[in-house]
Structure formats: C-alpha cells, structure tokens
Amino acid sequence: MKTLVLVLALTFVLSAGCFAVQATIDMYADNALLALPQVPLNPDPNAVFASSGIDPMYNIQRWDMLAQGYVGLDDSGVYGNMLLGDGFWCAGTAGQTISYEAVPDGVPDGSGNKTDMWISLPGAGLGNGGSAIIGNPFAHSVDVDKGSYSGDHIFFTDGTKLLTWGEACQDPYNWVSPVMTYWAGFGYDDVWFDNTAGPYQLDPGKGYWIATYRDNLAMIIPAD
Numbered sequence: 001m002k003t004l005v006l007v008l009a010l011t012f013v014l015s016a017g018c019f020a021v022q023a024t025i026d027m028y029a030d031n032a033l034l035a036l037p038q039v040p041l042n043p044d045p046n047a048v049f050a051s052s053g054i055d056p057m058y059n060i061q062r063w064d065m066l067a068q069g070y071v072g073l074d075d076s077g078v079y080g081n082m083l084l085g086d087g088f089w090c091a092g093t094a095g096q097t098i099s100y101e102a103v104p105d106g107v108p109d110g111s112g113n114k115t116d117m118w119i120s121l122p123g124a125g126l127g128n129g130g131s132a133i134i135g136n137p138f139a140h141s142v143d144v145d146k147g148s149y150s151g152d153h154i155f156f157t158d159g160t161k162l163l164t165w166g167e168a169c170q171d172p173y174n175w176v177s178p179v180m181t182y183w184a185g186f187g188y189d190d191v192w193f194d195n196t197a198g199p200y201q202l203d204p205g206k207g208y209w210i211a212t213y214r215d216n217l218a219m220i221i222p223a224d
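The C-terminal residue of the sequence shown carries number 224 in my numbering, and the numbering is unbroken.
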C-alpha cells in the first residue's frame, strides 16, 4: 500500500515540482465542522482564508488530541498551521466558500497515481486513546466499505498490525469506535463501519469525530 505521512506531503510535492490547483470548501452551516480536502501551499490560517470573507482569528478552533481540548486561533500562535487530516470548527455564514492554492487531489506522483494518506491518532498519552477530529484528506468522497458491510476500506495500524476499521473496532482489538460523527448543520449524524445507518462515505471538506481506545495509532485512508 502506497502511503504518505501527511505532515511531509507538502515537502514531497514541492520537491517533485507539482503544480498548484484551487481547493474549495463550502460552509454548509453558520457553524461548520470542516477539514482541508487538499494540502495548502501556504498552511497559515490567514492565507487559507484570505479570499473567503471569513476572518479566521477567533473564528476557527481545532481539537488538540494530546490535551483533549479545543485550541482556537488567536494572537498566541498556539494554533499553528492548518494540516491535512485535521478537522476544525469554523464560524461564518452558510454559503460562503473557502478557496486556497493547494496540491492536486491525492498528492499524485509523476504518473498521476494518488497517494494513500495517514492520519496520526496519538491519543492523550495515558495509554487509553481519546477523542479526535479527523478530516477526509481528499477532494473526493471515500467509501468506508467496498460492499461487504465490514468497514474494509478504512484501515488502522499500531505500527505492527494493519486492521480494517471493522476489525479495529471489535474484539479482540477494540482500538477505535465503530462510528464517526459529523455535524450536519442541524445536529450530529453518524457514519458506521458497517453502514448500519446514514451515509457510507467520508465527504471532502468535512470533519469527523472519532474515539480511540489506545494511544499511538494511525488511520489510513486509501486514495481510491
């Protein structure tokens, strides 16, 4: 499986001389749980939001998995850069569009092959995981399942074992929750590993809550 750690994606692309494209995220509600669908060429929040009409200062907040709490964008600089795979809350107006220069969808190589993406899930450092807000790191929807109703298109690893979502959320492993939750604008809705109810895919531009039950995991989302 071809993979790329997300924090290294921009370095990889620039060294390969990849061209830039425009990435977009639609504000589907006045308060929306979002995620970047493509690697920004300039990950500074002010650059990402420059043409959106939304001032990110005091209007975006991410979830810090180690601290298990929110970090808002303010003058302290603690918020840091915006990273692929990280979900965040954004306050704005429904219908606004966030547009920024980005790496093409899936960080393609010279032959156009997209890259499977890793999202780090470090946990809170106490051995029993914690909550996280992740995002679909692609500009296209990704099915969580290939028709088997077993969550066989999303993977998790502890560095030794590689499990499907269905395996990782059940005995004997129980690494993660069987559901990811997103804000639909009027309430929360769920994506289940086995398509129990609701949508069966992770959509571009959306953030999703997931719970982990052990530290130092990574989530792997295939490019196709």
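Beta carbons: idealized from backbone N, C-alpha and C, even for Gly.
Could you spell out the range, first to last residue, of the beta strand (DSSP E) harbouring residue i?
{"i": "N31", "result": "N31 to A35"}
{"i": "G135", "result": "G130 to G135"}
{"i": "A218", "result": "L217 to I221"}
{"i": "G72", "result": "G69 to G72"}
{"i": "L121", "result": "D116 to L121"}
{"i": "T212", "result": "G207 to T212"}
Cβ of residue i within 8 Å of Cβ of residue j?
{"i": "P40", "j": "Y100", "result": "yes"}
{"i": "A32", "j": "W209", "result": "no"}
{"i": "P45", "j": "L73", "result": "yes"}
{"i": "W192", "j": "G185", "result": "no"}
{"i": "W175", "j": "T212", "result": "yes"}
{"i": "I25", "j": "P37", "result": "yes"}
{"i": "W89", "j": "Q61", "result": "yes"}
Using DSSP with H/G/I as helix, E/B as strand and the rest coil, what is residue i?
{"i": "A50", "result": "coil"}
{"i": "P45", "result": "helix"}
{"i": "V103", "result": "coil"}
{"i": "D75", "result": "coil"}
{"i": "R62", "result": "strand"}
{"i": "L84", "result": "coil"}
{"i": "Q96", "result": "coil"}
{"i": "Y149", "result": "coil"}
{"i": "F12", "result": "Because F12 sits at a pLDDT of 47, beneath the cut-off of 50, its placement in the model cannot be relied upon, and the following sentence gives the value as read from the coordinates. Looking at F12 - three-state DSSP - the assignment turns out to be helix."}
{"i": "W175", "result": "coil"}
Using a 10 Å radius around the Cβ and a threshold of 16 neighbouring Cβ atoms, would you call residue i buried or exposed?
{"i": "L66", "result": "exposed"}
{"i": "N113", "result": "exposed"}
{"i": "L202", "result": "buried"}
{"i": "F19", "result": "exposed"}
{"i": "P204", "result": "buried"}
{"i": "N136", "result": "buried"}
{"i": "P288", "result": "It is not possible to answer for residue 288, since the shown part of the chain is limited to 1 through 224."}
{"i": "G187", "result": "exposed"}
{"i": "Y200", "result": "buried"}
Please list the terminal residues of the continuous alpha helix (DSSP H) segment that includes residue i.
{"i": "A168", "result": "W165 to A168"}
Looking at residue i and the ligand PLP, is the gap between the Cβ and the nearest heavy atom below 7 Å?
{"i": "I154", "result": "Annotation note on the ligand PLP: not contained in the displayed structure, which lists no ligands."}
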